[in-house]
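Working notes, beginning with the structure itself.
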Amino acid sequence: MKKVFIVTLLLQVLFCVAVVYGARTAGSFKPGSEPDGFRDMKWDTELSSLKEMQLKQTLENGIAIYERSNEDLKWGKTKLQTIQYGFRDNRLVDVYIGADLKQSAGLKKMMVEKFGEGYTDQDRYYWMGEKSIVTLHHEKSMGKVQVLFTSVPAPKSASALQKDLDARWIPFWITERDEEVYYDIKSLEMQPSSLARVWIRSLFPERRAASEHEVALYREHSALTEFDCPKQTYRIVQESWVMRSGQTNKSDKPGSPQPVSSHAVMERLSQTVCKKATK
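Okay, structure coming up:
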């Protein structure tokens, strides 16, 4: 059950969208509240420096899941069922928190007070910053409320991104609806059964109206995608996306989401991967 819980969280947070305009970010943490880890554990902490850590499982994407002996299973006034820590290459990258669904109201209230309003998508809440992304999700079918703290990779220079390409990290962008939206998607080359860690950043050069710049990406399904470039075939585990923007359509209410075909996104991704691979 715990493995299902963790994999479910990973799939839900494979997309992270930060809509940036001016000095303000939709869904961002309120000033001074962005965490740099969880409790006394900071991101990138070496596993060897921590005591009483017990390995529970290793996920197919390479993240090793640990629990801490004698863990305090209270967060504020909320009673938790589990706290688990994800390590990649023996460094802390994720924290998974689970609680009974009955705790959802109190947990949500505490997190909103702590981090600010965040970004809301039905039963999900997101807070996105430069160091961390925090997700709160009500998983009613499992009778759980789930929280994921995940670290954000440090920004890379153009030259560093080019080096990433050689290490099979894939950057790309796409333009839709006369709005330039830049996606920086990094997905490791992995086996078909594996999951990929994906970081997505959506940047708007300028803001005309808030309702026109609210953007969310919804995952449809996970699939192995191959790009047959002249010199090499790139294999990545890639989510299939539908982009929804707040752009107003005559047939819809102002600010209502408009779907954009995920096929168009993947087509542009294929073109960009091959273009960069041949340079």
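If you count the sequence shown from 1, position 104 lands on 1213 in the numbering used here, and the numbers rise without skipping. Note that CB positions come from ideal geometry on N, CA and C, so glycine has one too. If you're wondering where the values come from, they're calculated on a predicted model, not measured in any experiment.
query: Who does I1242 pair with in a DSSP beta bridge?
result: Looking up residue 1242 in the sequence shown gives position 133. Per DSSP, M1237 and T1259.
query: For the alpha helix (DSSP H) that F1224 lies in, which residues bound it at each end?
result: If you number the sequence shown from 1, residue 1224 lands on position 115. Taken as a continuous stretch (DSSP letters only), the alpha helix (DSSP H) holding F1224 covers S1213 to F1224.
message: Is it buried or exposed, A1208, if we count other Cβ atoms within 10 angstroms and call 16 or more buried?
response: Taking the first residue of the sequence shown as position 1, residue 1208 is located at position 99. Under this definition A1208 is a buried residue.
query: Do you know whose CA, among G1195, G1225, K1211 and L1201, lies nearest M1169's CA?
result: In the sequence shown, residue 1169 corresponds to position 60, counting from 1. The displayed chain sequence assigns Glu, not Met, to residue 1169. By alpha-carbon distance to E1169, the top candidate from G1195, G1225, K1211 and L1201 is G1195.
message: Which same chain residues end up closer than 6 angstroms to W1236 when comparing Cβ atoms and leaving out the 5 residues on each side of it in sequence?
response: Taking the first residue of the sequence shown as 1, we reach residue 1236 at position 127. Excluding residues within five positions, the ones whose Cβ falls inside 6 angstroms are F1138, F1224, G1227 and V1243.
query: What are the boundary residues of the beta strand (DSSP E) that includes T1191?
result: Counted from its first residue, the sequence shown places residue 1191 at position 82. Here the beta strand (DSSP E) through T1191 covers T1191 to R1197.
- prompt: Can T1259 and M1219 be called in contact, C-beta distance under 8 angstroms?
  reply: Residue mapping note: residue 1259 aligns to position 150 of the sequence shown, counting from 1. Residue mapping note: residue 1219 aligns to position 110 of the sequence shown, counting from 1. In this structure, M1219 does not lie closer than 8 angstroms to T1259 by Cβ.
task: Could you spell out where the beta strand (DSSP E) holding I1174 opens and where it closes?
output: Counted from its first residue, the sequence shown places residue 1174 at position 65. I1174 -> beta strand (DSSP E) spans A1173 to R1177.
query: Within 10 angstroms of its Cβ, does Q1212 collect 16 or more other Cβ (buried), or is it exposed?
result: In the sequence shown, residue 1212 corresponds to position 103, counting from 1. Classification for Q1212: buried.
query: Helix, strand or coil: how does DSSP classify S1158 here?
result: Residue 1158 sits at position 49 when you count from the first residue of the sequence shown. It is helical.
Inter-residue Cα distance where the pair is A1173 and A1214: Indexing the sequence shown from 1 puts residue 1173 at position 64. Indexing the sequence shown from 1 puts residue 1214 at position 105. Using only the alpha carbons, I get a separation of about 30 angstroms.
field: C-alpha distance - G1146 paired with V1221, whole-angstrom precision
entry: The sequence position of residue 1146 within the sequence shown is 37, counting from 1. The sequence position of residue 1221 within the sequence shown is 112, counting from 1. Near 18 angstroms, if we compare the C-alpha coordinates of V1221 and G1146.
message: Taking only three categories from DSSP, how would you classify S1402?
response: It is not possible to answer for residue 1402, since the shown part of the chain is limited to 1110 through 1388.
query: What does DSSP give as the partner residues of R1148 in its beta bridges?
result: The residue given as residue 1148 occupies position 39 in the sequence shown. Bridge partners of R1148: none, in fact.
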